[in-house]
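Below you'll find the structure, written out as structure tokens, and then a few comments.
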Amino acid sequence: MSRLLLSILLLGFCFSALAQDYDQRFARADVLHYKFEIGVYGNFHYGYNAAHITTFFKTNTDSLTLDFVKSNKSGSSSIKKVEIDGNICEYIWIKDKLTLIFPTVKAGETHTISVYYSFGSDDGLIIALNRFNKNTAFADNWPNRARHWIPTIDHPGDKATVEFLVNVPSNLDVIANGKLQSVTKLEKTRSLWHYKTDYPLPTKVMVIGVADFETQVIGNFDGTEVSTWVFADNSKNGFADYNVASEPLVYFNKLIGPYPFDKLANVQSKTRYGGMENASAIFYAENTVTGKGRLESLFAHEIAHQWFGNSVSESNWYHVWLSEGFATYLENCYMGFKFGTDSFNYCMKYDGNLVRNFNNRVQKPVIDTTITDYEELLNPNSYQKGAWFLHMLRKQVGDSLFWLSVRKFYDTYKFANADTRMFKEVVETQTGRKLDNFFNCWLYKPGLPRISTAFQSMGDSIKITIIQEQNADAFEFKLDVRLKFLNDVFADYTFDIKEKFEVFFIKNNQQPLELIADPNGWLLRE
Ligand SMILES: [Zn+2]
695 MSRLLLSILL LGFCFSALAQ DYDQRFARAD VLHYKFEIGV YGNFHYGYNA AHITTFFKTN
755 TDSLTLDFVK SNKSGSSSIK KVEIDGNICE YIWIKDKLTL IFPTVKAGET HTISVYYSFG
815 SDDGLIIALN RFNKNTAFAD NWPNRARHWI PTIDHPGDKA TVEFLVNVPS NLDVIANGKL
875 QSVTKLEKTR SLWHYKTDYP LPTKVMVIGV ADFETQVIGN FDGTEVSTWV FADNSKNGFA
935 DYNVASEPLV YFNKLIGPYP FDKLANVQSK TRYGGMENAS AIFYAENTVT GKGRLESLFA
995 HEIAHQWFGN SVSESNWYHV WLSEGFATYL ENCYMGFKFG TDSFNYCMKY DGNLVRNFNN
1055 RVQKPVIDTT ITDYEELLNP NSYQKGAWFL HMLRKQVGDS LFWLSVRKFY DTYKFANADT
1115 RMFKEVVETQ TGRKLDNFFN CWLYKPGLPR ISTAFQSMGD SIKITIIQEQ NADAFEFKLD
1175 VRLKFLNDVF ADYTFDIKEK FEVFFIKNNQ QPLELIADPN GWLLRE
């Protein structure tokens, strides 16, 4: 090994060591506000952009690491200069970590970091032709892809207010989070669109969308303007298809609490997901516009995320079920409200099958801290098992205490972050019950219960045996049991199950013909 190579390696090691992990960053700083200036030029060639990051410092420090991708297969980004409070500062940029080095700032001070940059990656902000061969650009940040196009602390745990100034050709329109402040004609052919939120968001849902849109205001519901943004070439179908947004909004307003944001725009886009719940400007896949409607469940899901995911955000990616599980369950509740109980039951049954199929292949818990590629968290554990967990919790504590707990959880952590323990503590406080074991077996351990039952008439009583046959530890749940007697007479009982082998005696001198376990579908099992 040559000395030159060794010193390069050592240098690389020192630089890498300098980049701070998230815990280190959270200990030293809190981003309060992002102001991004983004320019769209010519044939969607991007010029220099700027990020102004208002940061509160918690400790005396002389450096801070941001997430910003230097290059990937598709291209390289570049930095023109970095400043703190308008003064040039040094930086070290390796892979996706941009560490700024500046004269020491003191604990309790707020400073503005500015990064002047261009980005060359094809990820994060997706620049692509739409299905009508028209230029579009749509941010698609989940789970941690904001770093491809905007320098940020790209972690759901550091929320900040955000402001976008987007400079585009005048024939294009811009949608972004928050309130539209102004559209300014800059010169003959260019416009500057200015959006701003006065509520903090996680970076995963900070977005802009640029396209030739047609827009329609559906109306004002409980004080929130609901609008449709679709490609001009399919606006007639788009307006019809997207006209389903107001009902879920009104439903969740009543069920959870007031809608957290200043507008609700539903946007046809190029997101890689079927829908992406970007705060106050939800992006849907472009093929959702068909002219055939049937978007109720998708819209309900993404709109539910405005409360859970966007307003109450998971503290880190591993607790994403607090976003996806809640959105999935609320989507099903809305389907039940809109189309009746059969629809709700159908959705839950469908979701249960997805969990069972996944469980047959993968033995992992809902909260799986072994995952390093966060895209893998978009699995049936986070969505459908999360939804089923809420359904079983509802059975466990009863309807009114369940919804009281959900509302209290939302109200306590709105515009902030929460993890699973915080949710558990809210439910425990509201219900007066200890729920460690219930949360533990369903969320922190893999698998599902496999139950078998038996009954035996014993004179004036009936003995009921319930066995959990899975290899894993016992699950805790409430189990409804229906006994069928002669002449189609039925009797229903509910048992608290905690052990793998449980025996109950019921005062009843009739001879049962049949035992039906969980007749109303409250238990997720193999
Ligand atoms: Zn979702």
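Per my numbering, residue 695 is the first one in the sequence shown, and the count goes up by one each step. For every residue, glycine included, the Cβ atom is placed at its ideal position computed from N, Cα and C.
Using beta-carbon positions only, say whether Asn1047 and Val983 come within less than 8 Å of one another.
-> As a position in the sequence shown, residue 1047 is number 353, starting the count at 1. As a position in the sequence shown, residue 983 is number 289, starting the count at 1. Against a cut-off of 8 Å, the Cβ pair of Val983 and Asn1047 comes out as no contact.
For Ala833, which residues of its own chain have a beta-carbon under 6 Å away from its beta-carbon, when the five flanking residues on both sides are left out?
-> What you label residue 833 is simply residue 139 of the sequence shown in a count that begins at 1. Answer for Ala833: Leu819, Val901 and Ile902, listed in chain order.
Apart from the five residues on each side of it in sequence, which residues of its chain come closer than 8 Å, Cβ to Cβ, to Phe1103?
-> Within the sequence shown, numbered from 1, the residue matching residue 1103 stands at position 409. Counting only Cβ-Cβ distances below 8 Å, and skipping sequence neighbours, we find Val1006, Ala1112, Met1116, Phe1117, Val1120 and Val1121.
Identify every residue that forms a DSSP beta bridge with Trp1136.
-> Locating residue 1136 in the sequence shown gives position 442, where the first residue counts as 1. DSSP lists no partner for Trp1136.
Starting from Glu1170, follow its DSSP beta bridges and name the residues at the other end.
-> The residue labelled residue 1170 in the question sits at position 476 within the sequence shown. DSSP, once it has assigned bridges, lists no residue as partnering Glu1170.
Going by the beta-carbon positions, is the gap between Asn1214 and Asp1182 smaller than 8 Å?
-> By 1-based counting over the sequence shown, the position of residue 1214 is 520. By 1-based counting over the sequence shown, the position of residue 1182 is 488. In this structure, Asp1182 does not lie closer than 8 Å to Asn1214 by Cβ.
Hey, how far is the Cα of Glu1069 from the Cα of Arg722?
-> As a position in the sequence shown, residue 1069 is number 375, starting the count at 1. As a position in the sequence shown, residue 722 is number 28, starting the count at 1. So the alpha carbons of these two residues sit roughly 28 Å apart.
Report the option in Trp787, Ala822, Phe796 and Ile821 whose CA atom is closest to the CA atom of Tyr811.
-> Mapped onto the sequence shown, residue 811 falls at position 117. Selected option, being the one with the closest Cα: Trp787.
Whole alpha helix (DSSP H) elements within the segment 978 to 1012, 4-residue minimum | 990 to 998
Give the single residue among Ala840, Met1086 and Thr804 whose Cα lies nearest to the Cα of Phe813.
-> The sequence position of residue 813 within the sequence shown is 119, counting from 1. Comparing Cα positions, the closest option is Ala840.
Spatial distance of Glu908 from Trp923 (CA atoms) = The residue you call residue 908 lines up with position 214 of the sequence shown. The residue you call residue 923 lines up with position 229 of the sequence shown. Each residue's alpha carbon lies about 6 Å from the other.
For the beta strand (DSSP E) that contains Thr909, what are its first and last residues?
-> Translated into the one-based positions of the sequence shown, residue 909 becomes position 215. That run of the beta strand (DSSP E) goes Phe907 to Phe915.
Would you report the Cα separation of Asn1203 and Asp1045, rounded to the nearest angstrom?
-> Here residue 1203 is taken as the residue at index 509 of the sequence shown, counted from 1. Here residue 1045 is taken as the residue at index 351 of the sequence shown, counted from 1. In a straight line, the C-alpha of Asn1203 is about 39 Å away from that of Asp1045.
Would you check whether ligand 1 has a heavy atom nearer than 7 Å to the C-beta of His995?
-> Locating residue 995 in the sequence shown gives position 301, counting from the first residue. Flag set: Cβ of His995 near ligand 1.
What separation, rounded to the nearest whole angstrom, lies between the Cα atoms of Asp1032 and Leu989?
-> Residue mapping note: residue 1032 aligns to position 338 of the sequence shown, counting from 1. Residue mapping note: residue 989 aligns to position 295 of the sequence shown, counting from 1. Per the sequence shown, residue 1032 should be read as Lys rather than Asp. Taking the straight line joining both Cα atoms gives about 12 Å.
From Arg1101 to Pro850, what distance separates their C-alpha atoms?
-> The residue given as residue 1101 occupies position 407 in the sequence shown. The residue given as residue 850 occupies position 156 in the sequence shown. Each residue's Cα considered, the two are about 22 Å apart.
Paired residues, beta bridge with Trp923 - DSSP | Position 229 of the sequence shown holds residue 923. DSSP output for Trp923 lists Thr909 and Val961 as bridge partner(s).
Name the one or two DSSP bridge partners that Val1175 has.
-> In the sequence shown, residue 1175 corresponds to position 481, counting from 1. According to DSSP, Val1175 bridges with Tyr1187 and Ala1211.
May I ask you to report which of helix, strand or coil DSSP gives Gln1150?
-> Start at 1 with the first residue of the sequence shown, and residue 1150 comes out as number 456. It is a strand residue.
Is Glu803 buried or exposed, if buried means 16 or more other CB atoms sit within 10 Å of its CB?
-> Sequence index remark: in the sequence shown, residue 803 carries index 109 (1-based). That one is exposed.
Quick one: is the Cβ of His727 within less than 7 Å of any heavy atom of ligand 1?
-> Mapped onto the sequence shown, residue 727 falls at position 33. No, the Cβ of His727 stays beyond 7 Å of every heavy atom of ligand 1.
First and last residue of the alpha helix (DSSP H) that includes Glu1018?
-> Taking the sequence shown and counting its residues from 1, one reaches residue 1018 at position 324. From DSSP, the alpha helix (DSSP H) with Glu1018 extends over Trp1015 to Phe1033.
Ligand 1 heavy atom lying under 7 Å from the CB of Glu971 = Locating residue 971 in the sequence shown gives position 277, counting from the first residue. True, at least one ligand heavy atom lies under 7 Å from that Cβ.
What do you reckon, are the CB atoms on Ile950 and His1013 nearer than 8 Å?
-> Start at 1 with the first residue of the sequence shown, and residue 950 comes out as number 256. Start at 1 with the first residue of the sequence shown, and residue 1013 comes out as number 319. In this structure, His1013 does not lie closer than 8 Å to Ile950 by Cβ.
In angstroms, rounded to a whole number, what distance separates the CA positions of Leu705 and Val734?
-> On the sequence shown, position 11 is the one that residue 705 refers to. On the sequence shown, position 40 is the one that residue 734 refers to. In this prediction, Leu705 has a pLDDT of 46, which is less than 50 and means its spatial position is unreliable; nothing more can be read from the coordinates.
In angstroms, rounded to a whole number, what distance separates the CA positions of Phe707 and Gln1057?
-> Sequence index remark: in the sequence shown, residue 707 carries index 13 (1-based). Sequence index remark: in the sequence shown, residue 1057 carries index 363 (1-based). The predicted model places Phe707 with a pLDDT of 44, which falls under 50 and marks its position as unreliable; any figure quoted below should be read in that light. Looking at the two C-alpha atoms, the distance is approximately 37 Å.
For Gly769, does the count of other Cβ atoms within 10 angstroms reach 16, so buried, or fall short, so exposed?
-> By one-based count along the sequence shown, residue 769 stands at place 75. Exposed, because fewer than 16 other Cβ atoms sit within 10 Å of the Cβ of Gly769.
Simplified DSSP assignment, three categories, for Glu1220 | Locating residue 1220 in the sequence shown gives position 526, counting from the first residue. Correct three-state label for Glu1220: coil.
Going by Cα to Cα distance, which pick from Trp1011, Lys986, Ser1009 and Gly968 is closest to Ala994?
-> Position 300 of the sequence shown, counted from the first residue, corresponds to residue 994. It is Gly968.
Would a C-beta distance cut-off of 8 Å place Lys1139 and Ala1166 closer than the cut-off?
-> By one-based count along the sequence shown, residue 1139 stands at place 445. By one-based count along the sequence shown, residue 1166 stands at place 472. Cβ distance < 8 Å, so Lys1139 and Ala1166 count as in contact.
Between which two residues does the beta strand (DSSP E) containing Asp867 stretch?
-> On the sequence shown, position 173 is the one that residue 867 refers to. Taken as a continuous stretch (DSSP letters only), the beta strand (DSSP E) holding Asp867 covers Asp867 to Ala870.
Could you tell me whether the segment 819 to 829 touches the segment 784 to 798, where touching means 3 or more Cβ pairs closer than 8 Å?
-> no
Using CA coordinates, which residue listed in Trp1001, Asp816, Asp956 and Tyr893 is at the minimum distance from Leu874?
-> To locate residue 874, count along the sequence shown from 1; it is residue 180. Checked all of Trp1001, Asp816, Asp956 and Tyr893; the closest Cα to Leu874 is Asp956.
Please work out which residues of its chain come closer than 6 Å, Cβ to Cβ, to Ser974, disregarding the five sequence neighbours upstream and downstream, and give them in chain order.
-> Here the question's residue 974 lines up with position 280 in the sequence shown. The answer, listed in chain order, is Asn871, Phe955 and Lys957.
Counting only the same chain and skipping the five closest in sequence on each side, list residues whose C-beta sits under 6 Å from that of Trp1015.
-> Counted from its first residue, the sequence shown places residue 1015 at position 321. Excluding residues within five positions, the ones whose Cβ falls inside 6 Å are Val1060, Ser1076 and Gly1080.
What are the boundary residues of the beta strand (DSSP E) that Ser757 is part of?
-> Reading the sequence shown from its first residue, position 63 is the one you call residue 757. Segment Thr755 to Asp761, the beta strand (DSSP E) holding Ser757.
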